[in-house]
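This report concerns only the one structure given below.
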Amino acid sequence: MRVLITGGAGFIGSHLTEALLSRGDEVLILDDLSTGSSENIRHLKNLPKLNYWIDSVMNKALLAELVDESDLVVHLAAAVGVRLIVESPVRTIETNIKGTELVLEAARKKKKKVFIASTSEVYGKSTHFPFHEEDDLVLGSTDKGRWSYAASKALDEFLALAYWKERKLPVVIGRFFNTIGPRQTGQYGMVVPNFVRQALEGQPITVFGTGKQSRCFCYVGDTVAAVLKLLDAPDAVGQVFNIGASEEISIEDLANLIKAKLNSSSPICYIPYDKAYEAGFEDMPRRVPSTAKIDRYVGWQPSTSLDATIDLIAEYFKQKQKPLAYDAAAKTYIGSHQQLEDTDAAA
Ligand code: UDP
70 MRVLITGGAG
80 FIGSHLTEAL
90 LSRGDEVLIL
100 DDLSTGSSEN
110 IRHLKNLPKL
120 NYWIDSVMNK
130 ALLAELVDES
140 DLVVHLAAAV
150 GVRLIVESPV
160 RTIETNIKGT
170 ELVLEAARKK
180 KKKVFIASTS
190 EVYGKSTHFP
200 FHEEDDLVLG
210 STDKGRWSYA
220 ASKALDEFLA
230 LAYWKERKLP
240 VVIGRFFNTI
250 GPRQTGQYGM
260 VVPNFVRQAL
270 EGQPITVFGT
280 GKQSRCFCYV
290 GDTVAAVLKL
300 LDAPDAVGQV
310 FNIGASEEIS
320 IEDLANLIKA
330 KLNSSSPICY
340 IPYDKAYEAG
350 FEDMPRRVPS
360 TAKIDRYVGW
370 QPSTSLDATI
380 DLIAEYFKQK
390 QKPLAYDAAA
400 KTYIGSHQQL
410 EDTDAAA
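The opening position of the sequence shown corresponds to residue 70 in my numbering, with each subsequent residue numbered one higher.
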């Protein structure tokens, strides 16, 4: 199977790339490195079953060619991260809407199945916990920049489902909840890599707001396993699925957990939202997925604890300072905790 991954050099994309290569698939990556990084796939670049193009999904001619060469498309390329969304709303809206439209149109022409990455942000301010896929979406007003992300992704979902209903393009939509793991950068505001880095460096751990808001953090390896299962399930076509963990933790408790686990001397400091983001910023007090639907369709439940995931992330930040090298014979990344499964992917 040959899979095109838009955004394949991103955090989730690079893990999905590894998983596909490990099971013997070929991967084509299209990534403009706007939030992704060539560093994320550096250890894979010499593998014969990986090809990559540093370009945008807006390059219609290249996109059409790569879709044509692939058996299926996983569309992950998007503007992500609350900080980026608040600071660059035009880019968020344009990338997310135009990019998805181009991918869907290219896939329709070549009749290729598409996985569309959506987000738990679409549930917005809903207080109907846990969130089910068929729940109402409750978004804030248009003068609050944050909601542009949810609105753009909701429109992506509408468009993908319309392509399925009206034009018979097979699509599967995954709503990613807070996903964490090695290679995620705190640069765009994500809380766990920020806290881990701050704790390791002895810097203040920055809790925004009261810290009473809570999230469920899912290990990226579990997220990738969910995507692979959904791609292989014929009856998942035309459906929307939550992909997230059910272990809920407040941000304050998260700060304390990371500080204690890493034996850090960092103080925990509280920063008001208007200083952390912008005046009038609205945060979600809770975000909890129901995973009943994905479990029913493909038998998926996350299996990696938050505790174990924090260990992997801390290890990643520690190793990051050391040079990485890929040992093809041993199928191991020297200087990293990562390891490819024993398949012909690295042959
Ligand atoms: N947050 C925080 N400190 C940080 C970054 C984020 O307290 O350095 C908070 C943020 O305000 C939110 C939660 O952590 O309440 C999760 O933030 P993230 O950006 O990781 O994901 P979100 O759930 O907002 O998409």
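Cβ atoms here follow ideal geometry from the backbone N, Cα and C, with glycine treated the same way.
Bridge partner(s) assigned by DSSP for residue i
| i | result |
| --- | --- |
| R244 | S187, N311 |
| Y121 | I98 |
| K182 | L141 |
| R266 | According to DSSP, R266 bridges with nothing at all. |
| V151 | Partner(s): none; V151 has no beta bridge. |
| V72 | V96, L141 |
| S333 | BP columns for S333 are empty, so no partner. |
| I249 | Y288 |
| G193 | V207 |
| S372 | According to DSSP, S372 bridges with nothing at all. |
| S283 | S319 |
beta-carbon residue i near ligand 3 non-hydrogen atom, thresh 7 Å
| i | result |
| --- | --- |
| G278 | With respect to small molecules bound, the structure shown includes ligand 1 and not ligand 3. |
Anticipated Cβ contact below 8 Å, residue i with residue j, distance rounded
| i | j | result |
| --- | --- | --- |
| I337 | Q282 | I337 to Q282, Cβ: 15 Å. No contact. |
| V142 | T104 | Actually they are not in contact, since the Cβ atoms of V142 and T104 sit about 19 Å apart, beyond 8 Å. |
| V155 | G214 | 5 Å |
| N109 | G79 | 7 Å |
| G250 | L299 | Their Cβ separation, rounded to whole angstroms, is 19 Å, which puts G250 and L299 out of contact at 8 Å. |
| F246 | N311 | 7 Å |
| V207 | S195 | 4 Å |
| A383 | L269 | 7 Å |
Contact check, residue i vs residue j, beta carbons under 8 Å
| i | j | result |
| --- | --- | --- |
| A345 | F264 | no |
| A324 | G280 | yes |
| V309 | F286 | no |
| V183 | H144 | yes |
| A88 | L297 | yes |
| L171 | V241 | no |
| V291 | T188 | A quick correction: the sequence has Asp, not Val, at residue 291. No, the pair does not count as a contact, with Cβ atoms beyond the cut-off. |
| G258 | S335 | no |
| V151 | K179 | no |
| D304 | Y366 | yes |
| R284 | I318 | yes |
| T169 | D225 | yes |
| E95 | K118 | yes |
| Q370 | D376 | no |
| T248 | S315 | no |
DSSP three-state assignment for residue i, whether helix, strand or coil
| i | result |
| --- | --- |
| Y339 | strand |
| H201 | coil |
| D255 | First, the amino acid is wrong: residue 255 is Gly here, not Asp. Looking at G255 - three-state DSSP - the assignment turns out to be helix. |
| V357 | coil |
| T211 | coil |
| V260 | helix |
| T86 | helix |
| V276 | strand |
| A223 | helix |
| Y288 | strand |
| E317 | strand |
| G105 | coil |
| S91 | helix |
| S157 | coil |
| L171 | helix |
| K237 | coil |
| L393 | Legend: pLDDT at L393 = 48, less than 50; position of this residue unreliable, value from coordinates given subsequently. Note: L393 maps to coil in three-state DSSP. |
| V306 | coil |
| L116 | coil |
| F386 | helix |
| E134 | helix |
Minimum C-alpha distance to residue i - residue among the options
| i | options | result |
| --- | --- | --- |
| I166 | E156, K178, A186 | A186 |
| P341 | I123, S333, F350 | F350 |
| D301 | D140, I110, Y288 | D140 |
| H84 | Y232, P239, R252, L73 | R252 |
| T75 | I98, R236, S106, A220 | I98 |
| A295 | I81, S106, M70 | I81 |
| L173 | S315, L132, D352 | L132 |
| K387 | L331, S359, L375 | L331 |
| D101 | D124, V207, D94 | D124 |
| A223 | K234, R236, E202 | E202 |
| K129 | A176, K194, L269 | A176 |
| V357 | V96, F200, G93, R92 | F200 |
| P354 | I379, S210, T360, F198 | F198 |
| H112 | K181, M70, T86, W216 | T86 |
| Y288 | R92, D380, A329 | D380 |
| E134 | L90, T211, L73 | L73 |
| R236 | S217, D204, D212, K181 | K181 |
| K389 | R92, L230, R266, A219 | R266 |
Cβ of residue i within 8 Å of any chain C Cβ
| i | result |
| --- | --- |
| T161 | Any reference to chain C falls outside this structure, which holds one protein chain only. |
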